[in-house]
Amino acid sequence: MNEQLSHTTRQDSAVTVIGLGPMGQAMTRTLLAAGHPVTVWNRTAGRADGVVAAGATLAATPGEAVEASDLVILSLTDYQAMYDILGSTTASLAGRTLVNLSSDTPDRSREAATWAADHGAGFLTGGVMVPAPMVGTEAAHVYYSGRDEVRESHLAALALIGTPKHLGADPGLAQMMYQAQLAVFLTTLSALMHATAMLGTAGLTAGEALPELLSSADSIGDIMRAGEENPGTALDAGEHPGELSTVTMMGATSDHIVETSTSLGLDLALPLAVQAHYRRAIENGHGGDNWTRIIDGIRGPR
3 MNEQLSHTTR QDSAVTVIGL GPMGQAMTRT LLAAGHPVTV WNRTAGRADG
53 VVAAGATLAA TPGEAVEASD LVILSLTDYQ AMYDILGSTT ASLAGRTLVN
103 LSSDTPDRSR EAATWAADHG AGFLTGGVMV PAPMVGTEAA HVYYSGRDEV
153 RESHLAALAL IGTPKHLGAD PGLAQMMYQA QLAVFLTTLS ALMHATAMLG
203 TAGLTAGEAL PELLSSADSI GDIMRAGEEN PGTALDAGEH PGELSTVTMM
253 GATSDHIVET STSLGLDLAL PLAVQAHYRR AIENGHGGDN WTRIIDGIRG
303 PR
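So for the sequence shown, this note's numbering puts the first residue at 3; every next one is plus one.
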């Protein structure tokens with residue numbers, strides 16, 4: 003192990019955390035508990051009170067925070083916040099590693115990696131796939147992308163936040179995975195609220211409805227895995243066998259959901275969006291294919 007790697011992987015190596023929302027605070031506490039000296043900075047300094055009491059050092063300026071550590075973790079609203087905060091301290095970035103765990107688009111992540119490189123800094127994009135209370139637990143995992151040697155040089159500290167899953171050198175790839183995961187998460191949450199509102203019109207309380215609905219949500223993974231050892235293999239092969247749930251059958255169900263929601267006076271944004279997927283596939287002559295054929299319309303013209 004060379005001298006640089008030894009320095010950056012030992013348990014007491016310094017880490018800076020910029021951004022102290024719930025996620026930034028959770029990461030700071032996790033790193034402190036493992037013995038890392040942690041310097042923090044936040045636009046609203048009062049948010050640092052709890053982690054400072056736990057042992058973190060509050061920097062007076064972003065520049066001071068950056069200069070305190072080789073590893074700088076960013077947990078911000080978006081990538082623009084990184085430029086706003088670090089734009090006046092770019093001279094201090096050379097030789098350091100920026101790990102941006104903020105949400106934004108893949109293209110902005112790629113632009114940020116170029117910006118960091120222009121200032122002599124290593125850069126990793128990351129997406130933390132658990133809520134703040136689960137940071138540092140065995141259930142936590144974090145997607146990363148960027149140069150693997152950059153990730154490896156700080157692996158010990160990053161692994162404390164959650165199991166690192168490196169997706170490749172493209173800085174936009176981890177952000178793409180993060181947004182894809184959130185697409186599933188957010189649409190599921192909206193579907194659960196739509197369904198709860200629907201049942202509420204029939205007199206069922208949320209306390210009565212949600213246990214049943216969550217059971218259905220939990221079963222989706224098993225349904226997707228049924229009959230296919232590696233889910234997605236048929237999609238990759240362009241195969242949509244229609245022996246079971248066809249586009250026409252599922253499309254009829256989506257029509258019924260729209261009709262029911264309309265009669266109940268509910269917002270139609272979600273059910274209309276789903277209905278549109280099936281109608282497009284039917285219009286394109288794929289009514290007899292498996293429901294997975296709707297991916298063609300989602301992918302758009304090629």
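Beta carbons are placed, not taken as given, at the ideal position from N, Cα and C, and that holds for glycine.
In angstroms, rounded to a whole number, what distance separates the CA positions of residue i and residue j?
{"i": "L188", "j": "S77", "result": "20 Å"}
{"i": "W43", "j": "A275", "result": "42 Å"}
{"i": "A50", "j": "R98", "result": "23 Å"}
{"i": "A159", "j": "T30", "result": "11 Å"}
{"i": "Q177", "j": "G23", "result": "19 Å"}
{"i": "R282", "j": "E230", "result": "26 Å"}
{"i": "G270", "j": "D257", "result": "Checking the sequence shown, residue 270 turns out to be Leu, not Gly. So the two alpha carbons sit approximately 12 Å from each other."}
{"i": "E140", "j": "A239", "result": "35 Å"}
{"i": "H38", "j": "Q181", "result": "30 Å"}
{"i": "L88", "j": "A219", "result": "42 Å"}
{"i": "A36", "j": "V130", "result": "19 Å"}
{"i": "Q183", "j": "A161", "result": "20 Å"}
{"i": "T41", "j": "D109", "result": "29 Å"}
{"i": "P64", "j": "G21", "result": "10 Å"}
Which residue wins for smallest C-alpha separation from residue i, given the options the options?
{"i": "V68", "options": "A58, T91, G52, V53", "result": "T91"}
{"i": "G209", "options": "W117, T198, S218, S155", "result": "T198"}
{"i": "G57", "options": "D109, R295, T18", "result": "T18"}
{"i": "L215", "options": "R227, L33, M200, G299", "result": "M200"}
{"i": "G138", "options": "S111, D120, G164, P233", "result": "G164"}
{"i": "S105", "options": "V144, D120, T79", "result": "T79"}
{"i": "T203", "options": "L162, T262, P243", "result": "T262"}
{"i": "L169", "options": "L184, S155, V144", "result": "V144"}
{"i": "R112", "options": "P133, L88, A171, N286", "result": "A171"}
{"i": "V186", "options": "P166, G223, L162, S217", "result": "G223"}
{"i": "V2", "options": "M25, I296, L34", "result": "Any answer about residue 2 is impossible in this case: the structure gives the chain only from 3 up to 304."}
{"i": "V54", "options": "A254, M251, A278, L34", "result": "L34"}
{"i": "A228", "options": "L212, L246, P213", "result": "L246"}
Quick check on the burial criterion: 16 or more other C-beta atoms within 10 angstroms. Buried or exposed for residue i?
{"i": "P273", "result": "buried"}
{"i": "P173", "result": "buried"}
{"i": "G302", "result": "exposed"}
{"i": "T116", "result": "exposed"}
{"i": "S94", "result": "buried"}
{"i": "I300", "result": "exposed"}
{"i": "T32", "result": "buried"}
{"i": "G52", "result": "exposed"}
{"i": "G234", "result": "exposed"}
(message) As an exercise, report each continuous beta strand (DSSP E) stretch of at least 3 residues that is fully enclosed by the segment 67–143, in chain order.
(response) Taking 3 residues as the shortest admissible run, the segment 67–143 contains the following complete beta strand (DSSP E) segments, listed from N- to C-terminal end: 73–76, 99–102, 124–130.
(request) Check whether the segment 146–154 touches the segment 79–87, counting contact only when three or more Cβ pairs, one atom from each stretch, lie closer than 8 Å. (result) With the cut-off at 8 Å, the segment 146–154 and the segment 79–87 do not touch.
(message) Across the segment 97–112 and the segment 60–75, are there enough close Cβ pairs to call them in contact, namely three or more that are closer than 8 Å?
(response) The segment 97–112 is in contact with the segment 60–75.
(message) Three or more C-beta pairs under 8 Å: does that hold for the segment 190–206 against the segment 115–131?
(response) Between the segment 190–206 and the segment 115–131, the count of C-beta pairs closer than 8 Å stays below three; the two stretches do not touch.
(message) Whether or not the segment 288–298 and the segment 258–268 are in contact is what I'm after, with contact meaning three or more pairs of Cβ atoms, one per stretch, closer than 8 Å; do they touch?
(response) No: fewer than three Cβ pairs fall under 8 Å.
(message) So within the segment 238–287, which uninterrupted alpha helix (DSSP H) runs reach at least 4 residues, ignoring any that extend past its ends?
(response) Runs of the alpha helix (DSSP H) inside the segment 238–287: 249–265, 271–285.
(message) As an exercise, report each continuous alpha helix (DSSP H) stretch of at least 4 residues that is fully enclosed by the segment 211–238, in chain order.
(response) DSSP runs (the alpha helix (DSSP H)) wholly in the segment 211–238: 235–238.
(message) Runs of 4 residues minimum, wholly inside the segment 19–57: which ones carry the alpha helix (DSSP H) assignment?
(response) Those alpha helix (DSSP H) runs which fall completely within the segment 19–57 and span 4+ residues are 24–35, 51–55.
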